[in-house]
Each structure stands twice: as C-alpha cells, then as structure tokens.
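Shown next, in the form of structure tokens:
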C-alpha cells in the first residue's frame, strides 16, 4: 500500500556552526602536503583502516582562499589554490581516476599540474590530454583530465591556482567527498578592511581551527591580514544518492559571504564603506529594490498587461476569498512553468513572462501577487529555499540561500499560502518542493524578520473493497478516495495515462480481473478530493484447495516489496508530508462455508505518537470485515529512528501477507 | 465507392478551406486543419522538411523546418535538439509559437537557445555539442515551428529521415530532399513504402521523398528495435571526405577499407612493450593461452577512458598512447590488444559493432555507419571475441549487448560482415540449491548455493570485481525486498578465470519467512527466485513479439519444518511448455521436510503479434504459481 513512500524518500541532516572561537597562533603553518613528496607509508598503504572497503581515499585535500585588493586597480579579487592527493586502493578505484572541475569564463586557472605517483616512477598528465570544455553557451568551462598509468597502489595528485573576480561569495570549501577523506584543510585569508561571514555546516567539530595575523599592504595602506585555518580529519565517505543537489546539503562544508568593506582613510574619504549584508530588513529592502524582484510588483508598468487580462476574472464575484481563488486559477492556467526555481524572475519583466506564457516559479507567483494587490487583497511574497536547495539558516541574512517565492494572502481573517506553479496546486496546497519548513515573509514594514511556517496539507486515502464470491468468480466493488498530496499524485498519474492503463497500473497484476465499470471524480479539480470507483470481476480473488478457501484480505492493495530493505541508513528519511492510509474490506462469507482462521488483529505504535498502524478483523453474521489504518504524523525521521521505522514497516509488510481460511461445512 | 470518394473529396475541400481562411487571417497551422484520424496522438507533425545539399565529397548543407502541434506533456517535440561538432556548424535557428487557432503567440528569442556539450557520461572528452531550445505553453494543443541550417565541412554520413520521430506521433506532411552535385552520389534504403521523385535542378540531381497522413504507432513491449518499426529512410554516401581522409561507403568492403587505412600504423608497439609481450607469452603453448594471458594483462593494466576529437570517432589513438597513459577508449584499447596479439603471432581483426539491447538491422546489401563500438575478433576453428573495455569479462565472453547481430570486420582486404554468436537459454543458466531451516516462530535460516553461466553471470562478475562487501550486501538486501525482514550472514562470489561461470553463495536469517496463524503455518516454498516482471496487457498488439535474452533458472529447495506439522495444502505440480518459455514446479512433503523444485526458462523467440496474449498469460501464470503458499497444520 505504500507506493508513494518510495517516491518521496529523501535524506536530510544536521549541525550548523556560526560563532567559532579560534586558537591564535604566532607562526605561519606549513602546508599539510608538498607536491611530489609522498611519505613511504602512503605509498605502501594497501587499505584504509577506517574504511577497509574503500576503493580510494583522499589522503589530503588542501585549499586556500585569499582576498586580494590589487594596488594598481580598484578591483578586488579572490585567489584560490587547491592541492588534492588521492590513494588508489582497488581496481575499481583505478577505473575512474579522472577529474572534472568547473570554472567561470571570468576566472583563470594557472599553475596547473597533475601526476600519478607509482613506486617505480612518476607519470605526468600531458598538456594535450587536458581538455577545457565550454558549458552553458560559454559562461562556464569544465576542465577534464584522466590520470595516466593508474594501478592499485598509485597515488594521484593535482594542484592549481585560480583567480576570480567574484569576491562577494567565494566558493565554499567542501570537506567531505564521496570517498573517505583523511585530512581536509581550508585556509581563508582576508585583509583587515573586509569583513566576511562564515557559516560552517559540519557533522563534527573542527579538529583544528586557528587564526594567524601578519602585516601586509591592502587598500593602499599597511594593514593586517588574517588567516583562518580549518581542519577536519578522518571524514567518512558520503553515501551515494541520486539526488545530488540535496546531498550537497549534508556534505560538511564552510561557506563565506562578504559582509562589509570599511575603506581606510586616507586614501579613501572618511567613513567610506560598502555594506553587503546587514540584517533581514535590509535583505528584504534589497530584494524589493531588485529589478527582477520587488520592482516587478512595485511598478505597475511591469505588470500592466497582466492586470488588463485579469480584469474580467473577478467580475461579478464579491467575496474576497472567491476572488482570490479565481485569480489563482487564472494565473496558474495562464502559465506553463518552465520547471525552474529562482529567487528572481528571468524574463525582462512580468508582462513579457505573461505574454510568453512561460516563466519560473517566481515569475508566476509574482504575477499572481500583482493581480491580488490590484484586487485589494492583502498579500506578501514569502522567500523560501526548496527542498532540493537545502535547509535555511536563520542567523545570517544571506539572500543566496533562497530559491523560490510563494505568497501569503490574508483574506476574511484567514491565511492562505499560494504557489500557482503547476496545474495540480490550489490555495493552501503548495508544491512539494516548497514544503521546506519555513520561509521569510517579505514585508518592508517589519523591523524583525517574520518566519512563515510551510505546513503540508492533510494527505490521506481511503480504499474500500466489497467482495462477494459468486461461483468461481468474485465481484469486487473498489472505491478509492484521496485528499491533499495523495490526491495530487493520483490525479497526475490519472491524467498522464490512458484510463485503461491507469486502472491496470493502479490494480497491479497480482490478480486476474475484468473491469465492468469505472468512474473517476474531480480529475480536473485540483484542491478537491480525487475519487475512483470500479466494479471488477476477479477470477482468482481466493484460492480453493480441497475443502478450504484461502484469501488474502488486502487483495490488490497488498504490498509486494518491503519499503525499507536496507539494514542501515546514514541519513534521515524524509517522506515530504505526513499521511493517513485507510483500508476496509467487506467480504461476504460464501454459503456453506465457515471461518476457521483469521489473521490476528494488531496495533503498532511509533514512539512519541509519530505513527501508528491498526489491523482489525471482525467476523459478524455472514460477513468478514478488515479495517486497517496506517498513519505517519511527521515528515522527517532521523537515522537513529530508522530501526524503529523499518521494524514498523516490516511488521506491516508481514501482516499484509496473512490470510483468512474458510472451510466447507 | 462513389460515396466514399465524395466523403474524401468533401473533407479534402473542408481542409483546404480551413487552411485558406487561416492563411487569410494571418494565421498558420490551426488545429482545426488536422484530419480527425490523426488527432489521437501526443503530437502531430504538421510539416517537416529536410533539404540536404551535397556540394562535394566534403561539403554539404542542410536546411530543416518542422512544424509540430503539441497535444499534451507526454512528448519532447516542443523542444529542438541540434547536434553539431567541429565538422558541422549551426546557422540561423528560428522558433515560433502558435496557439490552437493558429495565432502567432511569439517568436523565440536568441537568448532562449541553450548550448551544451553532448559528451556522454562514459566519455571524458568529445567535441560534439548540442543547441537546445524548448517552447512551453500552458494551453494544449499548441503548435511550434522551428527552422535551422547546418553547414558541413567534412562528411561522415548523410542524414536519415524519420518523419514520425517517435511512438505516439502522427504525421500530416513531410518531405526529404537530397541534392547531389557533380562527383557525389547516394544510396538509400527505406523500411516503408516510399519512392523518390528524381529531377535536375541548377546542375544538381535532386531526389525527393514525401509522405502524408501517418497514424501514430504505439510503443510495445518485446517488440523489434525502433528502427524496424517507425518509418525510416536511411541515406548514405558513396564517396565522402573528412579531415582530408577520403572514403567510399558504397560497400561494406570499401567502408571497411577506409577504416582500415585510417587506422593503419596505429598498431606499433614500443620495443619495451614488445619485450613485455614476449615475456608474458613465454609459457603459453597454444594461441588460446596466449590470448588469455594477454587479455588478462590488458584487463589488469589499462582502463577505459573515452576521448574523441575530430576524426577520433573513427580513428584510434596509437598503441603508444595506451602504453603511456594506460588508458584508452574502445578503439584505442582494441587496436592495442590487436598489436599485442600481433607481436605474439596471433592474427586478430577489429570488428565494428552496434552495441544495444536489441540488435539493429544491418544488411549485406546496404552499408552505412551504424556502429557505436568496436571489439576484437580472433579467427580460428573456435573464433574468440574480445571486449577490450571490460576489466572483468573472461576472454571470449560475448555479452547480451553484443550477441546475436552483425559486426563489420576490419581487414587489410577491406570490410567483411560477420555474425556474432547467438545466445541460447542453455548457455545462460542458473542453478540454485536452497536449504531452509524453519523454527517454531517461522524464523528461517536460508542457505543459497548457486552456479551461474553465460549472460546470467554478467552481473556477478561485475559485482565481484567492482563492488565492496558493503555494497554487495546492500544489493542483496534490496534484491530480496519481497521477503520479510532479513539479515545477510554470509555472502561470496567466485568467478572462473577463463570461462563465463560464477558461483554465488549466501546465507540469510529471515524472520517470519513462515507465518504462524493459530495451528496453521503458511510458507511460500519458492523462497528466492520470484518472477515479477509480467508485461503490460496489450489489447491490440501490432508488432511481432521478440525475445533475444534467453535463460534458464533451476531451483532445488529443501525446507526443514518444525516438529509435528502435516500438509493441508501444498502447491500442485505444474508443467507449462510454450513457445515463450518453460515452467515446471513440483512440491512434496517427506520426513517433515518440504521439497520444492522449480525450473523456469525463457526461450529465444520471434512470433507474430497475435501470440501476445499467450505470452502475457504465460508470464502471468508463472508469477501466480511462484507466489503460491504451502499451508501446513499442526497435528494435535
């Protein structure tokens, strides 16, 4: 019965550090590794003690990020250096000994070297075997190369420097990788007139964190330069997962963002400064001022054509809530969502997006906002981070973490969350990607940030089968009623398939049946419950053997595979939204038979009321009734809760395999 | 008869009239102008034109226009993908969007055209790229119109014409024109009834094919390869030239000759490598032993890394490149292996092949460049095929993506078509002995000892060489998700060095393998190998039904029951022999033990469409019998 669950399985995690205390040190630390010089132990190593299964291990991954103010020009610059050394432990590890690295066309890679070190010598990667491949119309490049002469036991290493003009958000440093890492070190250096915010998302505290200062020249004056050093040792491999964007969320990393520059005076005028990050109110002001953000709703010229087109939509409707609904449907159906999320729209303005009938999530929802404002409905944008984009941190006002905008409308004393990006959505039912806990209310009048919770709509299903045996055949009346995200899911598959294919897939191939009659309700009405009613003739609903009849009371609703087959899980289980699944079977006992055995009724509970399962069999008069109810009350289960969750579902699986036995009297 | 003609005439007139009014109003391609018989489709190709002009052996240009009405979101034809590379540049792309009435909604902006590398996952570098453009509109149906031009500075093949694009697509009107300049010619082969009109224009010879009103074709399981089903015109050059290499594709022989010349001289080993080969084969007595030892050297010392530049799609890197880097793509590794064998005195030939799950049609009478892979062929009484990119196949193993098809041998005398071996169910076998010990609670200890051969052991060989113990365990846990909660207590894969045989052993502890309900015990005696992949029901099967991946699986299960149970209902013996496969089970109870035997084989078959229901019934029966439970009652 849990076909949904496997679709929604996601992983989540963990700790975020902001304020760190550093150990001050006086002398500059030597780099943790030197090009071409490999300790004998590393060369002789045959397996990695902490992960004997590993195909490869990162012996050391070392990166520096340095902010530089060039004397000659006004330009600020980031200079990165990277040096990665990997030990190959198995033939499998030798197979994919190649590297792909991406950089922007305004960035320059220099001092690039790569080599394979074997006990009998060193093989360098030759220049002609290194490729720079254009991406995205030439905005980005990918450098690709494969290491030569790689065998079990080889050590491969590469290093390079990179200049970048993108100083506001330097590249994050990822400590963790999909192979184990012995030592990962990042050094971040900046001049005293620049202030950066650092956000660490790590699975354990740093093994080393130090700070060191030295004198240099910057911004035309002598100044102190500070280096922060972060080291994490012995990091386990990231488990491979198909949702790679989300996996980034769980990978230990440190991010930087420029907060302010205080220019020294002289040479700059007194008090000169640039603020890049202050508080949430400022972030909201900045978004509202942005050309492809708030300006689209502030200035009527940007969305006039939408308002003209929407004029008649609310004609004759006086109730504000009904007006909102009509405008929601109008915008939703006027657009074809291009599948993208971004905190700004991509077209020139809302008029263009509307005329193109196509846009990203923000373009669509801002169009709706414009309409609602024109109808005098109180409405605000809500900035959020979609599930694939990762979790929000609420300490620092960093705009980069947001990638979508939905709306909060207040009508007739009620609040509605609006996300009009696809055809199956309705007021208060936002896209599953938007179900990421909280969003930031964009209200310029507020001094303090207001966080809007993003609760999933109640999602449930009820399946009812009435089964009657008639000679060798049985007649089954099958009814399914679905609400919330369950209805959305069902409606989508119903619309994407031919009706007869939908029915085949819905009922599976455990039984042989003919569909006598089928009826579907509300297939075109998002927000309403979806109903399916079928009358079936089933030839093998029961097994007859001698004087006995055996029947599995779950019939076509029995689960064929366990949901959680793996013994262990490293990351949390995320089912996106809580749900209730109910099932009722009414089975008329055939004439001349008596019940000899029925499955035992049971009740299961997850701790803290997180979920429950009920399986209840009753024999009354000439009828057997089974009622079951499966309930999960929260969307995310932590790894330490996995064992309990797995056991819960395993027991349900076992229960769903049990049979009723009847005997001829 | 007259009536029918009238109807046709009237609907034709209506069609013309609606087109005409549409034109007058400045509209184009209204949905109303689509004949009703074509409407049951995901998309309708309104107009699709290819104009391909070959100026010389190395210069050509192509103009393409496609106008497509999109009916729903189940098609990708609202997008345009144009492949290009260093020989072929894209010029002028335009796109337009019309609504259902044929009103122009908008023209596509240049900025909407994306540019990507077309490098496949398995390749580290290729110079092939794509331009990509997608048009979306919320109200179906809508119509997209694309036009673009390509300029070729080197010719490797001529474009094919596939007016229907894919399953579920109808065609109203389509045409393909090829104009040939002096000194060039073409050959063609169509899988549907179509003949070109020939004419002369501006000193060029023009061939034109047209087609109208093609109804959509449904995609079906177990069907022949797409290229046999969807209408397809293949067109290929005679003489062609690329990167200053001239070739002739007129015959397999001449095309093979071109590939041979292109790669001549790439097979020279260094002196050190020659010595290495000699020392490796020092103890080998027969050619077979030489092949085995050199193949194993290749497998242990090189790896697959694909780099394809310019003519590199056809020309191999030289043997020294592989010696130096210890890596190469299929061509480089195959030519390197050939060079080693040559040094050892064993003659071998590269064989171009189209690797895919279903063999593509390749005929002796029509030569073109359909291949995407190359393997090595060693002639002899028992010829040996070597897949040089595999690090774990035994020498001579022909995998399921290579078996049962034609390959092109590249010999000094030119190309020569040859058949790869056919796969038979007797070669691809599994034999499992499964011992189950059940306790009073229904918990079981399960021991599985199985031997696999042929294609049935491909996974085991891969897993044994590439997966860690942890991954192997997870694979097994996931593959047994139809069993109740279990723990893997032992797991082992052994592979034979020189033959395609693997052994797979594992032990499990399964809680509740049997359900105890009152004094009854329920257990499914087919513990491990349950067949679940029943194909979809198909009411109106159109295509032949084909299977080319035959195999046999044999299980002997012995279940030791807890004390004191007697049989109430155990699975009845079943024997089904069909053209699709054989299924046989037997079950008996003896000395408090349940003995269950199952043999399931899937045959090689190629049968008419009307047998589909029989095939469905067969698989359905297998699934059903595989799930039957034995019911035992405790003696009181």
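Protein chains in written order, with the numbering used here: chain A, 5 to 669; chain B, 84 to 719.
Glycine included, every Cβ here is placed at the ideal spot set by N, Cα and C.
For clarity, every value in this text was computed on a predicted model and none was experimentally measured.
For residue i versus residue j, is the C-beta spacing smaller than 8 Å?
{"i": "residue 369 of chain A", "j": "residue 330 of chain A", "result": "no"}
{"i": "residue 167 of chain A", "j": "residue 81 of chain A", "result": "yes"}
{"i": "residue 603 of chain A", "j": "residue 650 of chain A", "result": "no"}
{"i": "residue 214 of chain B", "j": "residue 173 of chain B", "result": "yes"}
{"i": "residue 65 of chain A", "j": "residue 188 of chain A", "result": "yes"}
{"i": "residue 651 of chain B", "j": "residue 715 of chain B", "result": "yes"}
{"i": "residue 410 of chain B", "j": "residue 491 of chain A", "result": "no"}
{"i": "residue 172 of chain A", "j": "residue 280 of chain A", "result": "yes"}
{"i": "residue 588 of chain A", "j": "residue 626 of chain A", "result": "no"}
{"i": "residue 360 of chain B", "j": "residue 377 of chain B", "result": "yes"}
{"i": "residue 340 of chain A", "j": "residue 408 of chain B", "result": "no"}
{"i": "residue 202 of chain A", "j": "residue 258 of chain A", "result": "yes"}
{"i": "residue 666 of chain B", "j": "residue 705 of chain B", "result": "yes"}
{"i": "residue 454 of chain B", "j": "residue 437 of chain B", "result": "yes"}
Run through chain E and tell me which residues come within less than 8 Å of residue i, C-beta to C-beta.
{"i": "residue 231 of chain B", "result": "Given the protein chain composition of this structure (A and B), no chain E is represented."}
Here's a check: name, in chain order, each residue in its chain whose Cβ is nearer than 7 Å to the Cβ of residue i, leaving out the five neighbours to either side.
{"i": "residue 429 of chain B", "result": "370, 373, 374 and 461"}
{"i": "residue 398 of chain B", "result": "345 and 346"}
{"i": "residue 337 of chain A", "result": "none"}
{"i": "residue 312 of chain B", "result": "300, 306 and 626"}
{"i": "residue 461 of chain A", "result": "432, 433, 488 and 489"}
{"i": "residue 520 of chain A", "result": "539, 540 and 541"}
{"i": "residue 49 of chain A", "result": "91"}
Assuming the contact rule is C-beta atoms closer than 8 Å, residue i and residue j should be a hit. Round their C-beta distance to whole Å, please.
{"i": "residue 93 of chain A", "j": "residue 186 of chain A", "result": "Not quite, the Cβ-Cβ distance comes to about 12 Å (not below 8 Å), so this is no contact."}
{"i": "residue 550 of chain A", "j": "residue 611 of chain A", "result": "Rounded, the Cβ-Cβ distance is 45 Å, inconsistent with contact."}
{"i": "residue 682 of chain B", "j": "residue 637 of chain B", "result": "5 Å"}
{"i": "residue 71 of chain A", "j": "residue 198 of chain A", "result": "6 Å"}
{"i": "residue 675 of chain A", "j": "residue 553 of chain A", "result": "Chain A is shown only over 5 to 669; residue 675 of chain A falls outside these bounds and no answer can be derived."}
Who are the Cβ neighbours of residue i in its own chain at under 6 Å, not counting the five residues just before and after it?
{"i": "residue 664 of chain A", "result": "555, 557 and 602"}
{"i": "residue 148 of chain B", "result": "132 and 230"}
{"i": "residue 249 of chain A", "result": "For residue 249 of chain A, the predicted structure reports a pLDDT of 36, less than 50, and the residue's modelled location is therefore unreliable. A value from the coordinates is still provided. Within the same chain, residue 249 of chain A has close Cβ partners 392."}
{"i": "residue 327 of chain A", "result": "318, 321 and 379"}
{"i": "residue 176 of chain A", "result": "257 and 259"}
{"i": "residue 126 of chain A", "result": "119"}
Once you ignore the five residues that flank residue i on each side, which residues in its own chain have a CB closer than 8 Å to its CB?
{"i": "residue 89 of chain B", "result": "Any reading at residue 89 of chain B must be qualified, since the residue scores a pLDDT of 48, below 50, and its modelled position is unreliable; no value is offered."}
{"i": "residue 251 of chain B", "result": "124, 125, 126, 157, 158, 299, 300, 301 and 302"}
Taking 7 Å as the cut-off, is the beta-carbon of residue i closer than that to any non-hydrogen atom of the ligand GTP?
{"i": "residue 298 of chain B", "result": "No copy of the ligand GTP occurs in the structure displayed, which carries no ligand at all."}
For a minimum of 3 consecutive residues, which ranges assigned as the beta strand (DSSP E) are wholly contained in the segment 480 to 532 of chain A? Listed in chain order, the complete beta strand (DSSP E) runs (minimum 3 residues) inside the segment 480 to 532 of chain A are 517 to 525.
Report yes or no: do three or more beta-carbon pairs, one from the segment 445 to 459 of chain B and one from the segment 403 to 421 of chain B, lie closer than 8 Å? Here the segment 445 to 459 of chain B makes contact with the segment 403 to 421 of chain B; the two share three or more CB pairs at distances below 8 Å.
So does the segment 435 to 442 of chain A actually touch the segment 386 to 395 of chain A, counting three or more Cβ pairs closer than 8 Å? Segments in contact, yes.
Cβ contact check for the segment 582 to 602 of chain B and the segment 537 to 545 of chain B: 3 or more pairs under 8 Å: Yes: the two stretches touch, three or more of their Cβ pairs being nearer than 8 Å.
List, from N- to C-terminal side, the alpha helix (DSSP H) runs of 4 residues or more that fit wholly inside the segment 349 to 411 of chain A. Segments of the alpha helix (DSSP H) lying fully in the segment 349 to 411 of chain A: 354 to 360 and 365 to 378.
Given 8 Å as the limit, is there contact between the segment 501 to 509 of chain A and the segment 697 to 704 of chain B, that is, 3 or more CB pairs closer than that? The segment 501 to 509 of chain A vs the segment 697 to 704 of chain B: no contact.
Measuring CB atoms only, is the segment 531 to 546 of chain A touching the segment 472 to 486 of chain A, in the sense that at least three cross pairs come out at less than 8 Å? Judged by Cβ distances under 8 Å, the segment 531 to 546 of chain A makes contact with the segment 472 to 486 of chain A, as three or more pairs qualify.
If you scan the segment 674 to 709 of chain B from start to end, which runs of the alpha helix (DSSP H) of 4 or more residues do you find wholly inside it? Runs of the alpha helix (DSSP H) lying entirely within the segment 674 to 709 of chain B and spanning at least 4 residues, in chain order: 695 to 709.
For the pair the segment 582 to 597 of chain A and the segment 447 to 465 of chain A, tell me if three or more CB-CB distances fall below 8 Å. As far as the Cβ criterion goes, the segment 582 to 597 of chain A touches the segment 447 to 465 of chain A, which means the pair count is three or higher.
Report yes or no: do the segment 81 to 90 of chain A and the segment 131 to 146 of chain A share at least 3 C-beta pairs separated by less than 8 Å? No: fewer than three Cβ pairs fall under 8 Å.
Touch test, the segment 633 to 642 of chain A against the segment 605 to 619 of chain A, Cβ-Cβ under 8 Å, three pairs minimum: They touch, by the three-pair rule.
What runs of the alpha helix (DSSP H), each 4 residues or longer, lie entirely inside the segment 75 to 120 of chain A? DSSP assignment within the segment 75 to 120 of chain A yields the following whole alpha helix (DSSP H) runs of 4 residues or more, N-terminal first: 95 to 99.
Does the pairing of the segment 174 to 183 of chain B with the segment 220 to 240 of chain B give three or more beta-carbon distances under 8 Å? They touch, by the three-pair rule.
Can you list, in chain order, the stretches of the beta strand (DSSP E) that have 3 or more residues and sit fully within the segment 432 to 471 of chain B? Correct list: 432 to 436, 456 to 461 and 467 to 469.
Is it true that the segment 288 to 298 of chain B meets the segment 259 to 279 of chain B, where meeting means three or more beta-carbon pairs spaced less than 8 Å apart? Between the segment 288 to 298 of chain B and the segment 259 to 279 of chain B there are three or more C-beta pairs closer than 8 Å, enough to call the two in contact.
Just list the beta strand (DSSP E) runs in the segment 146 to 206 of chain B, keeping only unbroken ones of 3 residues or longer that don't cross its boundaries, in chain order. For the beta strand (DSSP E) assignment, the uninterrupted runs of no fewer than 3 residues enclosed by the segment 146 to 206 of chain B are, from N- to C-terminal side, 162 to 167, 171 to 181, 187 to 190 and 197 to 200.
Runs of 4 residues minimum, wholly inside the segment 149 to 237 of chain A: which ones carry the alpha helix (DSSP H) assignment? Runs found: none.
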